[in-house]
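In the working numbering, the protein residues as written are 482 to 752.
Reading through the structure tokens given below for one structure.
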Amino acid sequence: MTQTQPTTSAATDPVHEWDAHNEHLATLLDSQDLESMDALPVLQWAADTFDVGRVVLSTSFQYSGVAMIHMAVEAGLQLRYATIDTLRLHSETYAFLRDVEARYDIDIEVYRPDAEQLQGMVRRFGEYLFFDSKTLQQYCCQVRKVKPNEQLLKTVDCWISGMRRDQSDYRKDTAKGMTVGEYGSRRQILKLNPMADWGEDRLLAYIAENDVPRHPLYDQGYKSIGCFVCSTPVSANEDQRAGRWRWFNSDDRIDPQEAKECGLHIPMYNI
Ligand code: SF4
Numbered sequence: 482m483t484q485t486q487p488t489t490s491a492a493t494d495p496v497h498e499w500d501a502h503n504e505h506l507a508t509l510l511d512s513q514d515l516e517s518m519d520a521l522p523v524l525q526w527a528a529d530t531f532d533v534g535r536v537v538l539s540t541s542f543q544y545s546g547v548a549m550i551h552m553a554v555e556a557g558l559q560l561r562y563a564t565i566d567t568l569r570l571h572s573e574t575y576a577f578l579r580d581v582e583a584r585y586d587i588d589i590e591v592y593r594p595d596a597e598q599l600q601g602m603v604r605r606f607g608e609y610l611f612f613d614s615k616t617l618q619q620y621c622c623q624v625r626k627v628k629p630n631e632q633l634l635k636t637v638d639c640w641i642s643g644m645r646r647d648q649s650d651y652r653k654d655t656a657k658g659m660t661v662g663e664y665g666s667r668r669q670i671l672k673l674n675p676m677a678d679w680g681e682d683r684l685l686a687y688i689a690e691n692d693v694p695r696h697p698l699y700d701q702g703y704k705s706i707g708c709f710v711c712s713t714p715v716s717a718n719e720d721q722r723a724g725r726w727r728w729f730n731s732d733d734r735i736d737p738q739e740a741k742e743c744g745l746h747i748p749m750y751n752i
């Protein structure tokens, strides 16, 4: 586990500096039929296409993220691995992070919230602000997750995520490849979701066949795992992300499309 000191993409960001880079990414995306490719070929393509050190597989240690770590390590791909530590994760997640590092002999970079931003937020709104309104929950997610993720993304050209279409209604159209903007810059990043079209049954079969480590909270009824207050177990007939911010489930003022998103996967989302 490494506490990171990111190197940024550029000290300056003149208007035209990223045009060629962005066009190159768009051409790459157009030239590859990612939708027809399975997860491992997508990972392989990313490793072959971008410079070493410029591709990160970012995981919160759910099924798809760990399955892709397994695939990448088994295939000998040179990727970086990273996670966002909100400082509010379950104790099981911290232990599992070390288990995954040991099992695959990899170093997982850890990105954490900025101390000043965090202290300012808590001073102003309290530790449990996320109970008070959707806006304050999103603010907490911005400080604890999205901002650290932005620091990570400044250091890469390609971001691999474990998003899948079957996780929620919001995610049902998730593309396997897309460009997203780096916050505060015109630079774009290629985001890949290699397991977008994997259903849970296929994923569980892959995990069982390959003895991929499973986050221990799955055995306690969790289907989506985040911070310890904001993620809870779900029942059999609930959406996989129904356990996230459960206290908002019956609030019909909240847009159901975004109700279960923290902002990490909403491009250029900021409040
Ligand atoms: S999941 Fe909850 S505790 Fe974690 S960052 Fe979001 S609002 Fe804050």
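Here a beta-carbon is modelled for each residue, glycine too, at the ideal position from N, C-alpha and C.
Owing to the predicted nature of the structure, the values given are computational and were not obtained by experimental measurement.
Option in the options with minimal Cα separation from residue i
{"i": "L684", "options": "N503, D519, S512, E504", "result": "D519"}
{"i": "E690", "options": "W726, Q513, H551", "result": "H551"}
{"i": "Q559", "options": "M549, I565, L568, T567", "result": "M549"}
{"i": "A563", "options": "W726, I641, Y699", "result": "I641"}
{"i": "E573", "options": "F606, P694, A501", "result": "P694"}
{"i": "K635", "options": "R668, L610, F611", "result": "R668"}
{"i": "D500", "options": "S666, T616, V533, G534", "result": "S666"}
{"i": "G546", "options": "L578, L515, G557", "result": "L578"}
{"i": "Q525", "options": "H696, W726, G724, L673", "result": "L673"}
{"i": "D732", "options": "G680, E555, F612, Y703", "result": "F612"}
{"i": "H502", "options": "G680, V715, K704, E663", "result": "E663"}
{"i": "T540", "options": "V533, L515, K626", "result": "K626"}
Proximity below 8 Å, CB of residue i to CB of residue j
{"i": "L671", "j": "L538", "result": "no"}
{"i": "F542", "j": "V581", "result": "yes"}
{"i": "L599", "j": "C708", "result": "no"}
{"i": "M644", "j": "R652", "result": "yes"}
{"i": "P594", "j": "L633", "result": "no"}
{"i": "L698", "j": "I706", "result": "yes"}
{"i": "R725", "j": "C711", "result": "yes"}
{"i": "N630", "j": "I587", "result": "no"}
Alpha carbon of residue i to alpha carbon of residue j, nearest angstrom
{"i": "F531", "j": "L506", "result": "10 Å"}
{"i": "S517", "j": "A656", "result": "11 Å"}
{"i": "M602", "j": "P522", "result": "42 Å"}
{"i": "R535", "j": "Q701", "result": "36 Å"}
{"i": "M676", "j": "D682", "result": "13 Å"}
{"i": "A686", "j": "E597", "result": "44 Å"}
{"i": "A717", "j": "R605", "result": "38 Å"}
{"i": "Y585", "j": "T713", "result": "28 Å"}
{"i": "N730", "j": "K628", "result": "26 Å"}
{"i": "E498", "j": "D511", "result": "22 Å"}
{"i": "T678", "j": "Y544", "result": "The sequence given here has Asp at residue 678, not Thr. Taking the straight line from one Cα to the other gives about 14 Å."}
{"i": "V756", "j": "C639", "result": "With the chain running from 482 to 752 in the structure shown, residue 756 is simply not present."}
{"i": "W728", "j": "E504", "result": "43 Å"}
{"i": "L610", "j": "A556", "result": "43 Å"}
{"i": "A528", "j": "G607", "result": "43 Å"}
{"i": "H696", "j": "A576", "result": "10 Å"}
{"i": "K704", "j": "V533", "result": "33 Å"}
Closer than 7 Å: residue i CB and nearest ligand 3 heavy atom
{"i": "F611", "result": "Annotation note on ligand 3: not contained in the displayed structure, which lists ligand 1 as its ligands."}
**Request:** Indicate whether the contact test is met: 3 or more Cβ pairs, each with one atom in the region 645-656 and one in the region 608-621, closer than 8 Å.
**Result:** Cβ pair count under 8 Å is below three, so no.
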